[in-house]
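Using mature numbering (1 follows the signal peptide of the UniProt record, and there is no 0), the letters of the sequence shown correspond one by one to residues -23 to -1, 1 to 298.
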Amino acid sequence: MPTKFLKNILTISALSLPALVLAQYPEKPITIVVPTAAGGGNDAMARIISQRMGEKLKQSFIVENKAGGNGAIASEYVAKAKPDGHTILFGYIATHGMNPVLQKLRYDPIKDFEPIGLVSESPTLMVTTKGFKIDSMQSFIAESQKHPDKFNYASAGNGTAPHFAGELFKVMTDAQMLQIPYKGSAPAMTDTVGGQTQIMFPSLFSAYPYVESGQVNAVAIAGKQRVAVLPEVPTLAELGVKGVEVEQWYALFAPASTPAHIVQTLNTTLNEVLQEKEVMQRFVAQGAYVKTGTPEDLKQLVIAELEKWRGVVNTAKLQSQ
């Protein structure tokens, strides 16, 4: 075999090697680790996208629930996983924007992860138990200031979105309310429905079934605009409360050092799935709205959220409990 011909073959083979390596992903089933219990809103969204992403990548997706620590257990687990794209996190605002500025965690929301992409957003509601009416926001705030021990609000635990939304409301209005922390949104909502607590700031995704069935009163949207599924519910800004905007977002993250081509494959596949009409409809029906973007978009969102909620922690003088 001529030397020149052999050299050309070797050169072509070397150039083709990266493509062969890239084509091997995914080599085995991909596990999406969800930081909440099965049956919740995060779990439902993870299962919707995992099914379609698996079909597109021709590989099985497994949803694994690791609840606890306000998402810390699942986040730490994924942060320490092998960075090969076969274990990823279904993170959300608490795991990467809120909990890290309040609790001492064994993971860094920036350094220990490669952002893949946003999945969805769900605005926050202000709801009250059925027997508790707020005639006007101004009178409620004034009454809370006169009687600091009179009102309470349920949270899903320290460092969760319902907790931080309640504290942001207090910071922006000087309202006085006592936080009653629960181990998750489900028991917090249950006690709000039952009247053991008066107020809650859940995501629309979590609260919508209870609002639709009339079990709680939807007072306001803690967001920039009204939402299509509850068009009659005003924003807090419309009621005179400015600056209380809490979009509860959900996203996929891989362990740090996951190769860029794997992150890009997952991001591209995720965005394709999220643009499917059926996926959009399934999300909207439950009070969430799909949100596409690049890994860099998600990284910048996490940085901004950490700065925002660190300011709330400092202003409200919140302490880890």
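We treat Cβ as the ideally placed atom computed from N, Cα and C, and that holds for glycine.
For F182, the residue or residues it bridges with in DSSP: DSSP lists no partner for F182.
Cβ neighbours of V78 in the same chain (closer than 7 Å, five flanking residues each side left out): L283, W286, R287, V290
V256 versus Q122: straight-line alpha-carbon distance, rounded: 45 Å
Inter-residue spacing [alpha-carbon to alpha-carbon] between G94 and V188: 30 Å
Beta-carbon gap between E98 and E224 smaller than 8 Å: yes
Counted within 10 angstroms of its Cβ, other Cβ atoms place E4 as buried (16 or more) or exposed: exposed
Whole-angstrom distance between Y2 and A(-5), CA atom to CA atom: In this prediction, A(-5) scores a pLDDT of 45, lower than 50, which makes its location untrustworthy; no coordinate-derived value is stated.
Reduced DSSP secondary structure (H/G/I, E/B, other) of V218: coil
Exposure of A231, with buried meaning 16 or more beta-carbon neighbours within 10 Å: buried
Close-in-space but distant-in-sequence residues of the same chain around I118 (CB under 6 Å, 5 per side omitted): T150, A152
Three-way DSSP call (helix, strand, coil) for V(-3) in this model: Any reading at V(-3) is ruled out, since the residue's pLDDT is 45, under 50, leaving its predicted position unreliable.
First through last residue of the beta strand (DSSP E) which encompasses A131: 129 to 132
Host beta strand (DSSP E) of F230 (start-end): 224 to 232
Bounding residues of the beta strand (DSSP E) (the contiguous stretch that carries F109): Note, F109: premise wrong, no beta strand (DSSP E); not H, not E.
Pair within 8 Å by beta-carbon distance, V104 and V196: yes
DSSP-derived helix/strand/coil call for G31: helix
Where F258 sits in the DSSP three-state scheme: It is worth fixing the name first, because residue 258 is Gln in this sequence and not Phe. Correct three-state label for Q258: helix.
S190 versus Q28 - alpha carbon distance: 29 Å
Neighbourhood of E53 by C-beta distance below 6 Å, restricted to the same chain and skipping five residues each side: R83, Y84
Classification of L251 by the beta-carbon crowding that lies within 10 angstroms, buried from 16 upward: buried
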